[in-house]
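Protein chains in written order, with the working numbering: chain U, 1 to 283; chain Y, 284 to 500; chain G, 501 to 1340.
Yeah, the Cβ is synthetic: ideal placement off N, Cα and C, and Gly gets one too.
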Amino acid sequence: MSDEKTPGISRRNFISGVGTAAVGAAAMVTPGANVEAAQKKAPRWAMVMDLRRCLGCRACTVACKAENNVSLGRFRAVIKEKTMGTFPNTKKAFLPLMCNHCEGNKEDGVPPCVKICPQFPGERAKFKTADGKTIRYRNGGTYKRPDGMILIDKEQCIGCGKCIDACPYGVRSFDPFVKSGGDSTKQAVDKCDMCAHRVDNGVEPSCVNTCQGRARIFGDLNDPNSEVSKLVKEHNLDKGNNVLLPDEGTNPHVFYIDPDNLLKTLYTQRKKGKLDHYMDQIP
Amino acid sequence: MGTNWKELADSAKSRSDIYGLLTRVFREEPTEAFIKELKGPRLSGAFSDMEIDLGEKFYNDSKSEVVEALVLEFTRLFIGPGHHISAHESIFVEADSGAGGLWGAKTVEVKKFIETTGLEYGAGFNGIPDHVSVELEFMQQLTEWESNKWTQQDRKGAEYCLSVQRMFLEQHLLCWISGFCDAIIDQAEMPFYRVMADLTRNYMEFEQQSIKTDTAA
Amino acid sequence: MKKLNRRNFMKFTAGSGFALAAGLGGSQSAFAGSIKLQAGGRDFSPTTKKERQAIPSACWQCVTRDAMMGYVEDGRLMKLEGHPDSIRTLGKLCAKGQAGVNQVYFPDRILYPMQRVGKRGEHKWKRITWDAALDLMASKMKPLFDAGTPELLMYQYGRHKGSQSSIMHDFMDAFGSHTIGTHTSVCEGPKWVGQESLWGGMYDNWDYDHTDFVVNFGSNQFETHTNHIPTSQRLIRAMVDRNVPLYTFDVRLSNTAAKSTEWIPIKVGMDGLVMLSMVNVIMNEGLFRKDHLKYMRVSADHHASEADKIAAIKKHVAKFTPEYAEKESGIPAAKIKQVARGFAKAKSACLITYRGTVMHYHGADQERAAMLLSAITNNLDRKGGRVMGVGAGWKHPHSPKAKVQKGLDIANGFPGEAAFPTHQCSQQNLPMIKDGQNGRPTVYWSSCNNQAFINGNNKEAEEILKDEKLIPFFINSNIVYDETSQYADLLLPDVTYLERWDYEDMVSPTGVAEYYIRQPLVKPLGESKDQGEIFYGLAKRLGIELAYKTKEEYVRQSCEMTPGVKEAGGFEYMKKHGVWHDKNAEPNFGFYEAKVDVSGDGVILDKKTGVYWNHKKAGVSAADAKSKGYLGVDGAKNAYVAQDIDGTPRKAYPPNTSFTKSGLLDFYSDNFASKGFPAFPTYTPIPEHKEMGKDDLHLTTYKVAVHTHSRTSHCKWLSEIKHDNPAWINSKTAAERGIKDGDSIKVASDLGEITTTAHVTEGIIPGIIAISHHLGRQQSGIYGSGKKSPTTIDAAADPDAKNMWWKKHGTHPNSIIPNSSDPISGGQRWMDTVVKVSKA
């Protein structure tokens, strides 16, 4: 810190002055009481999808492709659309899907994709909270960071594909652009990482940034004043019904404001061994 | 370690309070409640200790008369129409690119600086981002957070807050505030804003000294 | 005052009331408190985590032209986002905008000037230098210039806007040719013609931020619109945040219809009739508002009383009862009444229309009905209503004009085809060249216009382009080898919009203009070159003087001469910030009520029309002005000053387009009447539809959210989502023909037949078939057509090409849609074709 006092200090240094996450810097200088809770632990990042506002415009799908240079043939984020009813009483609805960044079941708090990863638990890693405190966790090919993000370390990944099968939502696929670090004959697994590289720098995920309907709301559930916390409270989203496949016990952290009950009528669980429900196509 | 956490916290809080007062002075026209507070025993005591004199009329006239007079003075000094002192950094600091003037390059720098800390401008704030009261309020926040850090005995956090303050003072507030105060002292017709400008200048010199001392330490 | 120091400082502040004082007096904090991630404005590499360089610029995937930020890493464009400070877009960008990166880096991009070596359409090319290309062009153009026949150079463009348009016109003026073809009549020309006949201007937007009720006819605003991102996000916000209802009349369950409060299926071509029946309901039930009547002209008399006007409107719409409309449109009369009442009773309401309404026979008149419905409810140019959009008013440099200024009359269709082609009749540009009766250009230069794909009967367009006798020298500026460029003699590598300079001016729905610029995010790839630079290269060779050498210089000068932008810091400011608007500007709602000073020299009142005009400015004597009157003097409309409204001169609706009219909204139009068209908005059945057989179906076309008409199929991220365009057909209509979902079907019109796939759905009315018109490319690189282009220098440019998985590329409907124009406006009648559909 002491040698960062010159006025010529760059913004990057400024941003990342404390700990790894620049969000940390932001939180540091955020007023007292509201943040007290958040400062004692890591944030818990979550997404609220307000289905009333989703226009099915696919800006999120494409923004994600661009932000993360996602290869053709697979997606990290998709919109499912479905036409229902009989003319003239026909309806069409849209359902955005992404990795649910599951908390995992009540017993061990480890989501199925992480549990099955042969590389998990790997080495000890440190997560710096907003106020510079350290939380230790185990990394792996796939692992859960203390702020709730389910991430992939492509260096550690061995490309076995077990997590692809273990995810009940089918959001994972092999990245044809990247070899797995653990086995150079295989491709690494890839999926939505909530744009950790942006969030860690204090910027919203790319799909959220571009959502014209503002159907995607991203934020910290541990901050009672965040918009996601308020929405979860206002719409009772934490009762277990407003997430995908609640019976799987995965405890997803993508919540849906769903007045028309689309999660039930529109979502179809992936067929075993197949990922074709996770392709974004306009009929 | 002989750190007196409380003393450090109090000192930061005091700075925050002064910044808060000055923010209030320059943000908008005074209200009766504000005048009442300034006339109150605690503040008037502190003022007289410092030999700060707001003038006879300030203390003798009724609150509503004082407010009425100061509203006119505030408008004449800072709002216009016609010749007035535009209380914005970008007006006082000529940018190299010629991007000066209202909502100039400096405005954007200030806005970005402030937003980088995680703060955002409130929906109800409809001024320009580099208004003097915004910069003062930003310093109020930074010093308050610093105070909180000392209270939590978080030296690293507090020093970090200090480093942000230092950067903001050196890059922005100190670059123009004395020029701004000079203009007020020159153009004020009543003692109130002249004295407040003098106090501001006085305090900012103190801040500048403090920064130097801190850096040396 | 004592000097503050460490010792007295604490004493000064300790226990004082400063903390309390600061919180007093209702002074609001400038800051909001809680943790907040920044929405955008910065981006980072997901792999290296390094911050990317952020450069403000402007999108151009579609005509909406959102202000945006480009993010660059080591000179390569990585990402695009909405500009966080834009008052129009509020930091948002659509799917097409997000895929803009694909425009720069796709494997089939044209990167070098190419000269044809085989026969036209034989796809044999050789690469030449820019000097050789410019020499070749100059060698064809110089003789035209020298011989005083500049009109034999024709420039045909699609989307040229902002400085891209003005610099082109500047060059053409410097050369002297007015032979310029556009494309608007295949998009929405009839809409503008209808509006211009009333407003004297055009481009409707809607104040969704303040509206209480929205009715939509034939517009797919949530997926695609000429002002998509600025408008659609405000509409969904109004719906969810303020429970504003949206009723959508459409033949098809578009995403917009799907997100509406109610989708009201309507038969093809009935929009105007239903609107008039709504007018009928509102007038007869006394739900109309009188406020706007004084600005409306509804009969031949310019001075009719309020009572007369009300009576006249009632009389005009008397026959359009909801019951009659029900019979024709298939919409229950009760539903029409319900929506009409809701619309009229709402505090403010917006009426949307688009291609579904206007790309028909008498499409321009349908738009007039929409304006009527808005006006009688006082929802025109008011807060919360349908408003004339406000765009930036840029100034730009002008080069000296050539002495000889001439143009061929080939842009406005065949003689008698269209009465008011104010936005041309561009679908007939090539057929007019083939016909030859008004002459033919010898040098034909097209840019950003794929005539052989976007027009009706596009196969004929191809044949004309192929014929060297009809078009002796054909230059095409392009980034992709397409249906048109394959027949060029000279192929010029254009820059993409991500590599060029422009000032931009698309309208803002908030009533406050936004000024913004486009700047290169990366250096032009290969030898691609901006038109502006080509103009300079040609001017040098032709001995023409231009006021600029480069496009950058042109934009710089424009920034330095445009009021507001100039004071803000001009070009340097715009480079740094990208956007500018006047912080003190108020929305222009109610602009027509502005009082006007008519004391100026030469200003007189025309008794007949109530127009104040300046006879001196019009160049006629006072006596002439009096005897001939405002309507009797050519060009008098350019000297319009004000309209007399109940004794007060007001701005009203100045005739700013080619329509000569008073300052009133001409719902009774002498212009229309003089050409034998209905003077008052009415319902005119579509001729082809009257003769339909029992088995005949209507063919309509539409757009989806992820493609523009013809310029995005090579964008891999878009074509991956939408690469096939099966024909939508109602399950009942399909069953009658034994067609099942996914079946191969034949669609035949008088012009020809296509084979495509059936998408059997409940989301479309019976009796029609709908085919989106983006796809079915014969060229457009591997992502668009599966074919590599012969100009490809390095097809391995995109390592992702090997991951391309789709094999279908769709079927283009335009080859069975004839070029046929709305006789009023010259608009292409996309929605009037009658077809037979059968299982293939």
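Listing by chain order, which chain Y residues have their CB less than 9 Å from the CB of K619 of chain G?
Going along chain Y, no residue has its Cβ under 9 Å from K619 of chain G, so there is no contact; the nearest lies around 55 Å.
Residue burial classification, Q301 of chain U (beta-carbon count within 10 angstroms, cutoff 16):
Outside the displayed span of chain U (1 to 283) sits residue 301 of chain U, for which this structure offers no information.
Determine, using beta carbons only, whether V203 of chain U comes closer than 7 Å to chain G.
yes
Pull up the distance between the alpha-carbon of H277 of chain U and that of I79 of chain U, whole angstroms please.
10 Å
Helix, strand or coil for P765 of chain G, going by three-state DSSP, please let me know.
strand
Give me the Cβ distance between D193 of chain U and A42 of chain U, rounded to the nearest whole Å; I'm assuming they're in contact under 8 Å.
Incorrect: roughly 16 Å between the Cβ atoms, too far for contact.
Could you check if H1223 of chain G is buried or exposed, using at least 16 other CB atoms within 10 Å of its CB as the buried criterion?
buried
Beta-carbon contacts of V740 of chain G that lie in its chain and below 8 Å, excluding the five residues immediately before and after
none
Between P1024 of chain G and E1060 of chain G, which are expected to be in contact by the criterion C-beta below 8 Å, what is the C-beta distance as a whole number of angstroms?
About 24 Å separates the two Cβ atoms, so there is no contact after all.
Answer yes if the stretch 1201 to 1220 of chain G comes into contact with the stretch 605 to 622 of chain G, meaning at least three C-beta pairs across the two stretches below 8 Å, and no otherwise.
yes
Which residues in chain Y have a C-beta closer than 9 Å to the C-beta of N505 of chain G? List them in chain order.
F489, Q492
Check whether the Cβ atoms of I335 of chain Y and M568 of chain G sit closer than 7 Å, and answer yes or no.
no
Simplified DSSP assignment, three categories, for G410 of chain Y
coil
According to DSSP, is V798 of chain G part of a helix, a strand, or is it coil?
coil
Sequence-distant residues of its chain with Cβ nearer than 7 Å to R507 of chain G (five each side left out):
none
Is there a Cβ from chain G that is less than 7 Å from the Cβ of E334 of chain Y?
yes
Entirely within the stretch 1224 to 1287 of chain G and at least 3 residues each: give me those beta strand (DSSP E) ranges in chain order.
1227 to 1230, 1244 to 1248, 1253 to 1261, 1268 to 1272
Pull out every residue of the stretch 1244 to 1266 of chain G whose Cβ sits closer than 9 Å to any Cβ of chain U, in chain order.
H1259, T1261, E1262, G1263, I1264, I1265, P1266
Rounding to the nearest angstrom, what Cα-Cα distance links Q598 of chain G and N68 of chain U in this structure?
12 Å
Using DSSP with H/G/I as helix, E/B as strand and the rest coil, what is R855 of chain G?
helix
Neighbourhood of R102 of chain U by C-beta, 6 Å cutoff - its chain only, sequence neighbours within 5 removed
Looking at the sequence shown, residue 102 of chain U is not Arg but Cys. Around C102 of chain U: P111, T250, N251, P252.
First and last residue of the alpha helix (DSSP H) that includes Y1036 of chain G?
1031 to 1042
Coil, strand or helix - N705 of chain G by DSSP
strand
Which value, in whole angstroms, describes the spacing of the CA atoms of G658 of chain G and K619 of chain G?
26 Å
Give me the DSSP bridge partner(s) of R124 of chain U.
U:R138
Is A849 of chain G helix, strand or coil by DSSP?
coil
Cβ-Cβ distance between T1291 of chain G and Y981 of chain G below 7 Å
yes
Taking any Cβ of chain U, which residues in the stretch 751 to 766 of chain G have a Cβ under 9 Å from it, in chain order?
L753, S754, N755, T756, A757, A758, K759, W763, I764, P765
Step through the CB atoms of chain G and report whether any lies within less than 7 Å of the CB of N485 of chain Y.
yes
Would you say the stretch 735 to 755 of chain G touches the stretch 719 to 727 of chain G, given that touching needs at least three Cβ pairs under 8 Å?
yes
Grab the span of the alpha helix (DSSP H) containing T1184 of chain G for me, first residue to last.
Premise fails: T1184 of chain G is in no alpha helix (DSSP H) and is neither H nor E.
E81 of chain U in three-state terms, based on DSSP
strand
Can V178 of chain U and K154 of chain U be called in contact, C-beta distance under 7 Å?
yes
Roughly how many angstroms lie between the CA atoms of V1204 of chain G and T724 of chain G, to the nearest whole one?
7 Å
Check whether the stretch 825 to 837 of chain G touches the stretch 1175 to 1182 of chain G, counting contact only when three or more Cβ pairs, one atom from each stretch, lie closer than 8 Å.
no
Any non-hydrogen atom of the ligand ZN closer than 6 Å to G1090 of chain G Cβ
Within the structure as shown, the ligand ZN is missing, as the structure has no ligands at all.
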